[in-house]
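99 is the number of the first residue of the sequence shown in our numbering; add one for each residue after it.
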Amino acid sequence: MTDAALAGATADGAKNGGSASGRTGRATAKLAVLWHRLPFTTTIVMAMLMLGAVTGTLWRAAQDHAAYPLVAYGLPSFEAGHWWTLLTGPFFAVVPLFYLPMVGSFAIFAGIAEWRLGSLRAMAITIGGQVASVLIALQFLALSRGFGWPWADRLATSMDVGFSGGALFAMAVASASLRAPWRLRVRAGLCVYACVAIIYVGTLADLVHFFALVLGLPLGRLLVGPHRSAEPGRPSLRERRLLAVSGLLLVTVAELVMYFVPGDGPFGSSADMSPSGLEVAVLCVVVLPVLNGLRKGSQFAWRCAIGLTLLAMAQVLVIGGLIAVARYIGGDLDAEAPSLSLVDNLLWTIEFVLLISARDAFRAPSRRRRKRLTRVGPGPAIARALLGHNGGSTLSWMTTWPQNSYFVTADGRSYLAYQRHAGAAIALGDPIAPDGQGARALIEFATMCEDTGLVPCVFSATDTTIEVTRELGWKHVQVAEDTLIDLECLEFRGKAWQDVRTALNRAKKDGIEFRLVRLAEQPAPIVEQVRALSEEWISDKGMPEMGFTLGGVDEAMDPATRVGLAVDADGVVHGVTSWLPVHIGGGQIGGWTLDVMRRRGDGFRPVMEFLIASACLAFREEGVRFVSLSGAPLAHSSRSGRAQVVDRALETLGALMEPYYGFRSLHAFKAKFQPRHEPLYLTFRDEADLPRIGLALQRAYLPNTGLLELARMARSGKR
């Protein structure tokens, strides 16, 4: 199906609205998209479900059917000459309940592999991985049975169905195409699952899964071909933390599996070692906070984890000593076969090695010590001095607002302003640094965040910062669009400027005067009117005034800020705008950025067009090169290219916020001034940081508004 046909199917579904035919059309369009992008995965999933419905295995256990020995793979099937079971077994599940994890995991793992590697390569890898992992598992059982190993003897007589071996092999291979740190995260998750399953459950399926990963992980870089990611270098701090977290997670999950799903694995029955409910509860209460602390790089959590592993290692020594004594004196202890207890505690020993080898990755201090270790600037006064000397972007003056904290580089010549919320450090705009020193400031800022357990990000960054963070392996997404007006050749001529000319002419006719002033120097009646206008505007929105990159009257009172007033002959203020200085270095101001926009509800209607146009003319007379109308959050011109998941999420958020703050309407209003656009970005380490960053941004913009209130307003706004 062509892209045009897909677009047509989607459009037809949208036109059908909420009718049944419309819903059917949308479902058909989605299925067409899946078939277009993932034909192999879609075909196999549909075949599994259709065969399950036809044979009745969707509601009746496949192993209860008389034909099960002719369909399922296993040593008995191969010894009977049923080689075709390698092709028939993958399309069924043992019991109906297993269809959900089997089909779901196949759709996710094989779908990711097909999405990243292409249909033909993914098909060959998935089918080949399924066949190879099953054959190797069966050959292993054939060689192991008959030697007094009860587990191998039992599995040699069992049979199984399912495509999970191929799906896991495909995911293991596809992980070689992922960039850091996702590569390690995916592989760690797969290994935790496979190790726990084979050691503590030990079914034929678990053995197939184990060999699928044993084959897939080392062969991944070879099989992905041109899709392989860059060769990984030395593991980063985050990756070493992840390895330690994965080890502790493995032993914790093992305890839970022994309690909830006891099995008879290769090292003995886990039912004999199953912990009590109280022990499981205590383990979760102790380990879960330690896991979270290790993830953040906490020194205290690392010490707690070391204590746990030392306790486990002591158990290893005790058990090993008892076995040695038993062998020596011929006691009653079974010292011939490896004990599950010994293997269980050996995992704790491996975790101890991981913790010791990664000890320098756990340096984040407690909250009490964090303030002493975080290098901060002395305050906005020094920030203003550095900004005037180095220059900055159109939003850099906002870094001098008092609610910000400051990270100053070791040489004291650069800084980033940031706010700390929900465990994230949100830097505002580009680093304020001498030419060529911005990269150093960003690297030092990221290191500070790593050392203190914070999630670093930069909000409203320009292309200059994006180039630096791209080299660090960070991701970015556009969150706004700066609107700039060049004043040198500005003329309000032509049809495009009709609304602006009309506003200027009407103001002259109605006796509306423009004043460009310092609000702090104005008489008290003028200041009171400005505050009243702001309060009226806020009350109309039904939401509290936003902060972070959106100033208010208090920021407009700064003597360094210029304020435009529209005042009639009676001294009534009809509208107000505030303009923030844009420093270009050497103590010079090269432009001004629009911040506050307030108008009287019953006043001069085109007052904003009048105020902005008048300010542009006044600044041009002063020799200013440009003005910025600033960037409305979550609003920008139509993007090009395919929208990513994060982009679509921001589009949805912008639509939900529109009834309250009108960001998109404001962006459309600024288009009247024919500005040029420059994108502003949120740059972050990877997608796993986005939930925490999203919560931090919500608290930065709306510090007094909770998530429940936001959800309520979103529902009412949608209605």
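By construction, the Cβ of each residue, glycine as well, lies at the ideal position given by its N, Cα and C atoms.
* Asked: For V661 versus S637, is the C-beta distance shorter than 7 Å?
  -> no
* Asked: For D666, which residues of its own chain have a beta-carbon under 8 Å away from its beta-carbon, when the five flanking residues on both sides are left out?
  -> D608, G609, I610, E611, H672, F702
* Cut-off 7 Å between Cβ atoms - residues of its own chain near I210, not counting five sequence neighbours on either side -> M269, A272
* Residues of its chain near A399, where Cβ-Cβ distance is below 6 Å and the 5 sequence neighbours each way are ignored -> Once the five neighbours on either side are set aside, the close Cβ partners of A399 are V388, G391, L392.
* Asked: In whole angstroms, what is the alpha-carbon distance linking G684 and S503?
  -> 24 Å
* To do: Using 10 angstroms around the beta-carbon of G739, count the other beta-carbons present and answer buried if the total reaches 16, otherwise exposed.
  => Because the pLDDT of G739 is 44, which lies under 50, any placement of that residue in the model is unreliable, and the number read from its coordinates should be weighed accordingly. G739 comes out exposed.
* With A220 as the anchor, note down where its alpha helix (DSSP H) starts and where it stops. => 217-242
* To do: May I have the straight-line CA-CA distance separating M221 from G154, to the nearest angstrom?
  => 27 Å
* Asked: In the region 591-656, which residue ranges form an unbroken beta strand (DSSP E) of at least 3 residues, counting only runs that do not cross its ends?
  -> If we require 3 residues or more, the beta strand (DSSP E) runs fully inside the region 591-656 come out as 611-615.
* To do: Specify the secondary structure class of Q686 as computed by DSSP and reduced to three states.
  => Correct three-state label for Q686: strand.
* To do: Take every Cβ of the region 309-319, pair it with every Cβ of the region 230-241, and state whether three or more of those distances are shorter than 8 Å.
  => yes
* Coil, strand or helix - D509 by DSSP -> coil
* Do the region 253-269 and the region 166-184 touch if we need at least three Cβ pairs shorter than 8 Å? -> Yes: the two stretches touch, three or more of their Cβ pairs being nearer than 8 Å.
* Which residue from G592, V566, D442 puts its Cα closest to that of F771? -> G592
* When the Cβ atoms of the region 781-788 are set against those of the region 558-578, are three or more pairs found closer than 8 Å? -> The region 781-788 is in contact with the region 558-578.
* Asked: Below 7 Å between beta carbons: does that hold for G395 and R339?
  -> yes
* Asked: Touch check for the region 519-527 and the region 491-506: three-plus C-beta pairs under 8 Å?
  -> Contact between the region 519-527 and the region 491-506 is present, because at least three Cβ pairs lie under 8 Å.
* Closest residue to T497 among R461, V556, C402 (Cα-Cα distance) -> V556
* **Range covered by the beta strand (DSSP E) that runs through C714** => Taken as a continuous stretch (DSSP letters only), C714 belongs to no beta strand (DSSP E), being part of the alpha helix (DSSP H) at 705-719.
* Work out the CA separation of S439 and L431 for me, nearest whole Å. => With a pLDDT of 46 at L431, under the threshold of 50, the predicted position of this residue should be treated as unreliable, though the coordinate-derived value follows. About 13 Å.
* Asked: Cβ atoms of P773 and L582: under 7 Å apart, would you say?
  -> yes
* Whole angstroms is fine: what's the gap from A605's alpha carbon to A479's? => 39 Å
* **Distance, Q517 Cα to L132 Cα** => 42 Å
* To do: Quick one: using the 10 Å Cβ neighbour count with 16 as the cut-off for buried, is C714 buried or exposed?
  => buried
* Asked: How about P360 and S344: do their beta carbons lie closer than 7 Å?
  -> no
* **Cβ-Cβ distance between G263 and G363 below 7 Å** => no
* What does C555 pair with, by DSSP beta-bridge criteria? -> I524, F782
* Could you please give the first and the last residue of the uninterrupted alpha helix (DSSP H) stretch that includes K394? => Residues 375-394.
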